[in-house]
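J.: Pasting a structure here, questions to come.
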Amino acid sequence: MRLLILGGTAFLGQALASQAVQRGTDVTCAARGSAPVPEGARLVTVDRDVDDALATLAGHDWDAIIDLTRQPGHARRAVRDLHAGHWVLISSGNVYARFDEPEQREDSALLEPLADDVMSDMTRYGEAKVACENAVRSARDPVGKPASWTIIRSGLIGGDGDWSGRTGYYPWRFAHPTGADVLVPADLTFPVALIDVEDLAAWTLDCAERHTHGVFNATGPTTTLGELLDVSRTVAGSAAIPRPVDATTLAEAGIGTWMGPASLPLWIDDPQWRWFATLDTTAARAAGLRTRPLAATLAAALDFENRREHPRATGLTDVQEIGLRARLG
Ligand SMILES: NC(=O)c1ccc[n+]([C@@H]2O[C@H](COP(=O)([O-])OP(=O)(O)OC[C@H]3O[C@@H](n4cnc5c(N)ncnc54)[C@H](OP(=O)(O)O)[C@@H]3O)[C@@H](O)[C@H]2O)c1
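Numbering (numbering that gives the first Met the number 0), first residue to last: 0 to 328.
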């Protein structure tokens, strides 16, 4: 199979390219080259912000194209300039209009598609991904007929290479405690789900090879923040005890939610987002999606955190956690 990955230099794209090479696929990646592509894959350097960036890749007979973009203009120009028998778009659960109720199915209401070619900031991410999905639905094969396509609405991606630190923070913090306890959000029933990057990559490649047509939510089973913390503690082999801190205290201390510096990740203190991690994955599982146990993903994320070369992007630093503990008394 001749596969074109629009991406391939970051977290999921590298896993896709690496696994595809292992499968014996002929892999070309197209990106600006902010990081290397895996050994055995070819990198074509392009800046997709430029209108005709993909011209050098047009006319090739790709069996499948996997697009990792979040910019509507990138997706629109890709289907304008390139042709393949099958397209895969890595989309996101963020496309859904509502998370104040559980279990979004593929036919649940979506956000309005972003009309602009460029997503100005991440507050428009869901709308941008809806626009990317709409572009891929109009993709054409090399003889100009409608191509088949898979739209994969991924949940939070975790495991080895999670630079965001969202899936690695708690295992890492339990492995490197600053005291007898680890400070965690008090909302331990908050629903959490994630998908291991390797599982998502494997199933995405299956879809590309089998020309699986349709829209699919893809994530692991929904659990709770409390269970994720228990598994994190086990994976880290830690004796530290989770110490819940209420939302008001965290807000007053300037501790954020979900991700980023000075945060306690994987929860959101907003009823509008409570059911974000409850995507219904029945269709994907029927189409072959398999996900490994949470412990395996958290162990891989911990291993990555222990090898991390760049500053930790999420969670509390030692100084911040010690300062918050002192505040609690
Ligand atoms: N992380 C999550 O938890 C999560 C959850 C749901 C869905 N998703 C989706 O999953 C995918 C994750 O992809 P990823 O981890 O491989 O990487 P990514 O950080 O989302 O970036 C995607 C790729 O796009 C390339 N790119 C960005 N701007 C470009 C430009 N102007 N021209 C050419 N290439 C450009 C990047 O390479 P260069 O920088 O080298 O150009 C990179 O390889 C995305 O589609 C994301 O929206 C992520």
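Even glycine gets a Cβ: it sits at the ideal position worked out from N, Cα and C.
At which residues does the alpha helix (DSSP H) containing Pro37 begin and terminate?
T.: No alpha helix (DSSP H) holds Pro37; DSSP gives it neither H nor E.
J.: For Trp61, name the three-state secondary structure that DSSP assigns.
T.: It is a strand residue.
J.: Determine the direct distance from the alpha carbon of Gly219 to that of Ile156, and round the result to whole angstroms.
T.: A direct Cα-Cα distance of roughly 9 Å separates Ile156 from Gly219.
J.: With a threshold of 7 Å on Cβ separation, who are the neighbours of Ala185 within its own chain once the five nearest residues in sequence on each side are excluded?
T.: Pro243, Val244, Asp245 and Ala246
J.: Which residues does DSSP pair with Thr27 in a beta bridge?
T.: Leu3 and Arg41
J.: Do Asp159 and ligand 1 come close, with the Cβ less than 6 Å from some heavy atom?
T.: no
J.: Whole angstroms are fine: how far does the CA of Gly58 sit from the CA of Asp46?
T.: 19 Å
J.: Give the secondary structure of Phe215 by DSSP, where H, G and I count as helix, E and B as strand, and everything else as coil.
T.: strand
J.: As a quick exercise: from Leu110, Ala30, Tyr168 and Met258, pick the residue whose alpha carbon is nearest that of Ser231.
T.: Tyr168
J.: On a Cα-Cα basis, can you pick out the residue from Gln271, Asp229 and Ala207 that is closest to Gly287?
T.: Ala207 is the residue among Gln271, Asp229 and Ala207 whose C-alpha sits nearest the C-alpha of Gly287.
J.: With C-beta atoms as the reference, is Pro112 less than 7 Å away from Val129?
T.: yes
J.: Does ligand 1 have a heavy atom nearer than 6 Å to the CB of Arg79?
T.: no
J.: At the level of alpha carbons, what is the spacing between Ala217 and Trp148?
T.: Their backbone Cα atoms lie some 15 Å apart in a straight line.
J.: Under a three-way DSSP split, which group does Pro270 fall into?
T.: Looking at Pro270 - three-state DSSP - the assignment turns out to be helix.
J.: Excluding the 5 residues preceding and the 5 following Thr44 in the sequence, name in chain order all residues of the same chain whose CB lies nearer than 6 Å to its CB.
T.: Gly32
J.: Between the C-alpha atoms of His82 and Leu56, what's the straight-line distance to the nearest angstrom?
T.: 10 Å
J.: With three or more C-beta pairs closer than 8 Å as the rule, is the region 192 to 201 touching the region 281 to 296?
T.: yes
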